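S.K.:
Residue numbers (the numbering used here): 78 to 451.
Here is the structure:
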């Protein structure tokens, strides 16, 4: 009799759990059950809501911390006359590694043995070093460009990222996107050319630095996603195992290209004269590094592109409101074309069937127009 009662309770608990999962699948509508079964019904729903909340908070932090760091670094380089972008980048990378190291040493986080083996020995040169090098080049050129181009134009140029991705796909023999998506890339290029022509103070070096930063960022993102997905690295593991490589690359670059001029001009004393500003730059740099890894892990590459696009639009507005930059109607028109092309590119990547329909319709219209011309 006792055994029978025990099995009955287990069956009821199992039924309650099944009902709870079904209830969450029906938009949270729960059937009336006993008070003992009620807590089980909320577990799947609470887990889904918690995951969604973490994703929203991570994306929000990504949208806020990035622009704050850009504006602060611009202030350091222009107003404090610390014209050393490579050394400035190393603050955030070094802070990221210190935070990751302290997290592991204090036992708050851990690095799994299988994750250590991925970058152990010669594998460090194949896995960690390429990511660190690309991140170092991306951050240093991305900082240096603020010395040569306006704040708003830098954000506008980021709309041509799909062009860089398309070129990389061609060189690596990866399957190309639909023809409609390629047309959208052509629109992005046309809009970007109009933007640059409408900019009064654009320089060749500034444009080169901006495109170099975007190219390195694209390669770094692909390599980072490969580690996160193929090796299932956590955010802490990614930072702990790849930040030293980026730090070494930045340290070597800063020593070779900026060390002599920094000491000669006495700029190495500027961080000691403004410790709070440089500490905030290091803290924001560490924050955006961790948040970027987290967003990549929680979302997808497409979500990252969309977030970066909206962030760039907001930074264009900040450039006008905060820095008093002027963008001609021609420049804004070019930017609107580029953004439209960017949106179409992502849309056709998501829905290849729609791209096929658009492609067929356009080709048929062109053929019909050619028939009329004859």
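Positions of the beta carbon are idealized from the N, C-alpha and C atoms, including for glycine.
Everything numeric in this text was worked out from a predicted model, so none of it was measured.
How would you write the range of the alpha helix (DSSP H) that residue 401 sits in, first residue to last?
M.R.: Per DSSP, residue 401 belongs to no alpha helix (DSSP H) and is neither H nor E.
S.K.: Please report how far the alpha carbon of residue 210 lies from the alpha carbon of residue 220, in whole angstroms.
M.R.: Approximately 15 Å between the Cα atoms of the pair.
S.K.: Between residue 286 and the rest of its own chain, which residues show a CB-CB distance below 6 Å, the 5 nearest in sequence each way excluded?
M.R.: Cβ neighbours of residue 286 beyond the five flanking positions: 218, 221, 222.
S.K.: Quick check on the DSSP output: the alpha helix (DSSP H) that includes residue 376 runs from which residue to which?
M.R.: Counting along the chain, residue 376 falls outside any alpha helix (DSSP H), and DSSP gives it neither H nor E.
S.K.: Rounded to the nearest angstrom, what separates residue 186 and residue 180 at their Cα positions?
M.R.: Computed Cα separation, rounded: 5 Å.
S.K.: Give the DSSP-derived three-state secondary structure of residue 90 in the structure shown.
M.R.: Only weak support exists for where residue 90 lies, its pLDDT of 43 falling under 50; the value from the coordinates is given anyway. In the structure shown, residue 90 sits in a helix (DSSP, three-state: H, G or I).
S.K.: Quick one: Cα of residue 444 to Cα of residue 260, how far?
M.R.: Taking the straight line joining both Cα atoms gives about 17 Å.
S.K.: Do you know whose CA, among 123, 127, 131, 125, lies nearest residue 371's CA?
M.R.: The shortest Cα separation from residue 371 among 123, 127, 131, 125 belongs to 131.
S.K.: Output the distance between the C-alpha atoms of residue 382 and residue 410, rounded to the nearest integer angstrom.
M.R.: Answer to the nearest angstrom: the Cα atoms are 21 Å apart.
S.K.: May I ask you to verify whether the stretch 167-175 touches the stretch 394-401, counting CB pairs closer than 8 Å and requiring at least 3?
M.R.: No: the two stretches stay apart, fewer than three of their Cβ pairs being nearer than 8 Å.
S.K.: Would you decide whether residue 386 is buried or exposed? Buried here means 16 or more other CB atoms lie within 10 Å of its CB.
M.R.: With 16 or more Cβ atoms within 10 Å of its Cβ, residue 386 is classed as buried.
S.K.: Under DSSP, the alpha helix (DSSP H) around residue 193 begins and ends at which residues?
M.R.: Where residue 193 is concerned, the enclosing alpha helix (DSSP H) stretches over 190-195.
S.K.: Just verifying my parser: in three-state terms, what is the DSSP assignment at residue 287?
M.R.: Looking at residue 287 - three-state DSSP - the assignment turns out to be helix.
S.K.: For residue 322 versus residue 201, is the C-beta spacing smaller than 9 Å?
M.R.: Yes, they are a contact pair.
S.K.: What do you get for residue 212, buried or exposed, if any count of 16 or more other CB atoms within 10 angstroms of its CB means buried?
M.R.: Counting Cβ neighbours within 10 Å, residue 212 comes out buried, since at least 16 surround it.
S.K.: Taking the alpha-carbon of residue 309 as reference, which of 348, 374, 148, 155 has the nearest alpha-carbon?
M.R.: Ranking 348, 374, 148, 155 by Cα distance to residue 309 puts 374 first.
S.K.: Applying the criterion that 16 or more other CB atoms from any shown protein chain within 10 Å of the CB defines a buried residue, is residue 406 buried or exposed?
M.R.: Residue 406 is exposed by the Cβ-count criterion.
S.K.: Closest to residue 229 by C-alpha separation, out of 279, 424, 156, would be which residue?
M.R.: Nearest option by C-alpha distance: 279.
S.K.: For the stretch 411-450, which segments carrying the alpha helix (DSSP H) assignment without a break, of at least 4 residues, lie completely within its bounds, in sequence order?
M.R.: You should have 429-450.
S.K.: Would you mind stating whether residue 254 and residue 425 have Cβ atoms separated by less than 9 Å?
M.R.: Against a cut-off of 9 Å, the Cβ pair of residue 425 and residue 254 comes out as a contact.
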